[in-house]
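Residue numbers (my numbering), protein chains in the order written: chain W, 51 to 133; chain Y, 133 to 760. C-beta atoms are modelled at their ideal positions from N, C-alpha and C, and glycine is treated no differently.
Given below as structure tokens:
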């Protein structure tokens, strides 16, 4: 009824001296969404230069994530083109 | 590039700092790269710079060398389409073209089957390339673009070139490219971006964040002309990139409007839309269509010996086609149709294109997206323009030059147009400046390019700065800008405070404990941007103050700069306070204010502030435009 789509969850810079890992992001999603969250829904974690991840979420889950502390923006994984 | 660099006075002999230039790594976000191109021959290059921390995704059909030092591909959904090749190899051609424009080596006698013959070269031929393949036959996803930024920043690239963008307006932190380029800026990496090909309408620009450099496309003084010769001896000039040579052979000529395929009538078939023309009756003939087709769109006239497209669309958006083709304007088009109607057996020939001198160059391409900036109209975008029309650069010999499936041609150099082609010229110019000033910030590099740009003609480009920004890049001039408008991460955060971003968001973004207090909330007019833009209502009187700072990077002796306002329209009253800046040492930063008053009488009014010390002319464009 509320199909999953791919979203970017952008969380800004890494907190000083800390690097976020996939397990941090899985923990964050599990805490936010609840035990229904399947770890395989996390598609990619950005961990080298900034903090964020790509995940398959329902619209309701995306809204919930966007309201969490530490999240700057949540937006659908859109497409761009060569110019 | 066999003409573009020379056109801007950037000859092969320009002064370089080879040891520094060869340490510069350019990250190219595109469709991958084709390492076998002669432009990427690594003979004479040393090992990758010690700072390089990137990788090469090696496979049976791909490896890096000392020129292409890194290459990765990103496909977060894991699904590859039939037309794509896994890994960083370029199965489109676009990425090979852009990468070679930035940093390809010198290749003599390069041409597209004789067209555009000359030396193909990148703007920084000694620099190294790191290719990040984020675009595939179905586009480039935000997830993959962000993954490439995540890697490129950590890999140690010095500058990023992105000839890609979205199709809708997104706020800065809902846009993958704005986010990635912000983090690049934090690490001292400038991102140059193409503004898009949705011109000439206003507010069509994509990629307009203040921390990136947004590039419009303009012409050089070379154009390709494709003559059409009728059976009665008359010749008409058309445009296209036509490498077919019919040797003047006269071929039967037919008008698509005269050969509709049921159930369509002539009013439809004349446009040569797919399945509307009787293909049997075009076989072996040159067909005249009343519209400009895209290269893949000529399937409608499959089997034809050639195509003449006639309409009123701009003549700066040329393509190559899988068959002899020329695009003519409506006047010659009408004469050709009248010839067909009045002749029993009409014939024509399409000549191979010839490079000709284009007078009145440069002008901004009709297709180049225009400002104003849709999110922050009071920051001028585009920033600058560069050559993006009919650029010859490297191409994979595995991909057809027109992109059409039925095109069996194979070339090592291809002529294509787009803001994508302009962007790598500007990336290279920025890298060239960086080779002389390795410690300059992204904002300083931007400032150097913007304030030294060749002014462009407002007469020839009625959209003014909203089309070309500060003007045409001047790589040589940008090495010695005299003064720079610098900006740090803190300045951008302050600007974002003023744009309504919360303290909490900005602390996450910059991790510098920023807080959006009254002291730390800058209006857009206080961001130390090297250009001045004001969106206003034509019926309202204007009164706006801009605050700026300039840093002396020119002379170590005491130097006095005088403010000169170039204001050809006289409808604006522009004053600068103080009107003289006296610098006592290098690196000194002084502040000033620009006040704009008056009222605009037309859509876009242009002026410029020039700080002049007798040696440097530090020119900032000023544009005031009607918000409506």
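Note on residue 559 of chain Y: 16 or more other CB atoms within 10 angstroms of its CB, so buried under the neighbour-count rule. With 16 or more other CB atoms across the displayed protein chains lying within 10 angstroms of its CB, residue 502 of chain Y is buried. For residue 125 of chain W, the enclosing beta strand (DSSP E) starts and ends at 123 to 126. One thing to note: residue 401 of chain Y has its Cβ no nearer than 7 Å to the Cβ of residue 414 of chain Y.
Taken in chain order, the whole beta strand (DSSP E) runs of length 3 or more contained in the stretch 53 to 118 of chain W are 55 to 60, 92 to 96, 102 to 107.
Rounded to the nearest angstrom, the Cβ distance from residue 605 of chain Y to residue 735 of chain Y is 25 Å, too far for a contact under 8 Å. The C-beta of residue 640 of chain Y comes closer than 7 Å to at least one C-beta of chain W.
Taking C-beta atoms as the reference points, residue 505 of chain Y and residue 627 of chain Y fail to come closer than 7 Å.
No Cβ-Cβ contact shorter than 7 Å links residue 524 of chain Y with residue 228 of chain Y. For residue 115 of chain W, no chain Y residue has a C-beta closer than 7 Å to its own C-beta; the minimum C-beta separation is roughly 14 Å.
The DSSP assignment places complete beta strand (DSSP E) segments of no fewer than 3 residues inside the stretch 540 to 569 of chain Y at 545 to 548, in order along the chain. The beta-carbon distance between residue 358 of chain Y and residue 374 of chain Y, rounded to whole angstroms, is 5 Å. This is short enough to meet the 8 Å contact definition.
Residue 552 of chain Y places its beta carbon 7 Å or farther from that of residue 242 of chain Y. Short of 7 Å from the beta carbon of residue 321 of chain Y, and not among the five residues preceding or following it, lie these beta carbons of its own chain, in chain order: 285, 289, 290, 291, 292, 574.
When C-beta atoms of the stretch 612 to 626 of chain Y are compared with those of the stretch 588 to 599 of chain Y, fewer than three pairs fall below 8 Å, so the two segments do not count as touching. With contact defined as three or more Cβ pairs closer than 8 Å, the stretch 118 to 126 of chain W and the stretch 293 to 306 of chain Y are in contact. Excluding five sequence positions before and after residue 681 of chain Y, the CB atoms of its chain that fall closer than 6 Å to its own CB belong to 660, 721, 723, given in chain order.
One thing to note: residue 664 of chain Y has its Cβ within 7 Å of the Cβ of residue 754 of chain Y.
Cβ contact annotation for residue 186 of chain Y (same chain, cutoff 6 Å, sequence separation greater than five): 202, 262, 287, in chain order. In terms of Cα proximity to residue 610 of chain Y, the closest of Y/749, Y/539, Y/694 is Y/749. Counting other Cβ atoms within 10 Å of its Cβ, residue 689 of chain Y stays below 16 and is therefore classed as exposed. Annotation: the continuous beta strand (DSSP E) that includes residue 248 of chain Y extends over 247 to 252.
Within the same chain, Cβ atoms closer than 6 Å to the Cβ of residue 116 of chain W are found at 124, the five residues on either side in sequence being excluded.
For residue 626 of chain Y, the enclosing alpha helix (DSSP H) begins and ends at 621 to 630. Secondary structure note for residue 273 of chain Y: its beta strand (DSSP E) is the uninterrupted segment 271 to 273. Within chain W, the residues 130, 131, 132, 133 have their CB atoms less than 9 Å from the CB of residue 296 of chain Y, given in chain order.
Exclusion of the five residues before and after residue 710 of chain Y leaves 724 as the residues of its chain whose Cβ lies within less than 7 Å of its Cβ.
In the assembly as shown, residue 719 of chain Y is an exposed residue. Its beta-carbon has fewer than 16 other beta-carbons within 10 Å. In the structure shown, residue 137 of chain Y falls within a helical segment according to DSSP collapsed to helix, strand and coil. A check of alpha carbon separations from residue 452 of chain Y across Y/144, Y/190, Y/245, Y/741 identifies Y/245 as the nearest. A direct Cα-Cα distance of roughly 13 Å separates residue 569 of chain Y from residue 578 of chain Y.
Between residue 111 of chain W and residue 93 of chain W, the CB-CB gap reaches or exceeds 7 Å. With contacts defined as CB atoms closer than 7 Å, residue 564 of chain Y and residue 256 of chain Y qualify as a contacting pair. When DSSP states are grouped into helix, strand and coil, residue 394 of chain Y belongs to the coil group. Identification of chain W residues near residue 186 of chain Y by a Cβ-Cβ cut-off of 9 Å yields none; the smallest Cβ-Cβ distance measures about 11 Å. The shortest C-alpha to C-alpha distance from residue 732 of chain Y to any of Y/746, Y/412, Y/760 is the one to Y/760.
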